[in-house]
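Just so it is clear: in the sequence shown, position 3 is 712 by the working numbering, and no numbers are missing.
All C-beta atoms, glycine included, are put in the ideal place defined by N, C-alpha and C.
Small disclaimer: the values here were computed from a predicted structure and weren't measured.
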Amino acid sequence: MNWRAARHWCGLVVIALALCFALAQPVLADANIRVMVSDPDNLSGYLYEGNTVATAGSAPTISAGENQVLGTLSITGKPGVQIPVQVGDRIKISLSPGVCYMQTPTSANYRNYVSWPSQVGSEKNQICDSSDQPGMVFECATPHTMILRVGHIDSSAKAMLLCFNFEKADYSCVRVAPFVGIADEWAADTETKVTRLEFFKLFVEIAPDSYTRHAKPLQTMEQNFTDLGDVDIFDKEIIRPLVDSLLVRGYSGGLLKPHAYITRNEAVALTGRAFGYLAITGFRDKVANWGDASINYGARRILYWGDPEGRFNGQKELSRAEVLEIIQSCFETWSDNSNRLQGKALGFR
């Protein structure tokens, strides 16, 4: 699966360091990978003219899978602006849905993701390390987002260059999900509900092989469920590993209900079985008795955050956007670490 070489970016920038940049690589004719740079202190998202510009260093060929190389995004000062950034300015870099870093950035490894060369051509770089402070300071990160802060500036230097690198294997190279082709559309769709069959077909693409590859069921899917008559034969084979591994268990009476809309109880119970951590979540409302352990596992792994009031709302039928959020969280567990929690504390994922 190749991505046509193409790129574009938005010339507007947010205040000092922040800008909106899009590295667009069409896949399956209609999918994009975007690298977005913004100001985490500008919550309104309104774009102002600023002091920096962004340039894509390459137009790579990318496919779904691990260690995909996006190249380098370079941020420089605008011509005529003597000192485009100041100590304390913050910058947030985000990857679009369906994409995440191979490994979540941390304070110990973040220089695998960003660099500030000492020289910019024949000039010194204004962003530079001092005796007690790096040029850029790591603040926090999630598998697809990182926030940095300007730590030191040499105001006597004549140039500024900050490079976000997406080419370090197992670190800043990216993991591209099989569902990237629908990610943008689903992320924007808060109205369309998702059937159980649609959810199963999406989830099986990222389900752990340890569950699905070697499952040996006591009964076939057709023996377990009596309502598969109108399910396409190809769809049956797609979801069979989930049933054979008992990740999908259906309803009492031998019903799978493939065309019913999936609820939060059902979605988080399934994902919790495959990806969760053992814990108690502390939701203010009760979760379904049949799935309480799996739901708690999923919530502990931060597969689902709860609503702003701390409620689970398990009976809610999920929209495409809500489903994508859960599937993306599962996908990102391959690269996550404790900074996933830190990112939530700072108000982003």
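If you look at N874, you'll find it in the beta strand (DSSP E) that goes 870–875. A direct Cα-to-Cα measurement between Q1024 and V829 gives close to 57 Å.
In this structure the segment 908–925 touches the segment 943–950; the number of beta carbon pairs closer than 8 Å is three or more. Looking at P917, L955, D944, D941, the one whose alpha-carbon comes closest to that of N933 is L955. In the DSSP assignment, A850 forms a beta bridge with M855. Residue R743 holds the alpha-carbon nearest to the alpha-carbon of A892 among R743, T1042, V940. Counting along the chain, I784 sits inside the beta strand (DSSP E) bounded by residues 780–786.
Assignment of alpha helix (DSSP H) within the segment 932–989, counting only whole runs of 4 or more residues, yields 942–953, 973–984 in chain order. Closest in alpha carbon position to Y819, among N834, I802, P806, is I802. Closest option to M930, judged by alpha-carbon separation, among G959, S865, V903: G959.
Here the C-alpha atom of V977 lies approximately 28 Å from the C-alpha atom of S772. Here D863 has K833, Q835, C837 as same chain residues with Cβ atoms under 7 Å from its own Cβ, once five neighbours each way along the sequence are excluded.
As the crow flies, the alpha-carbon of T854 is around 16 Å from that of A886.
Judged by DSSP secondary structure, C809 falls outside any alpha helix (DSSP H) and instead within the beta strand (DSSP E) spanning 808–810.
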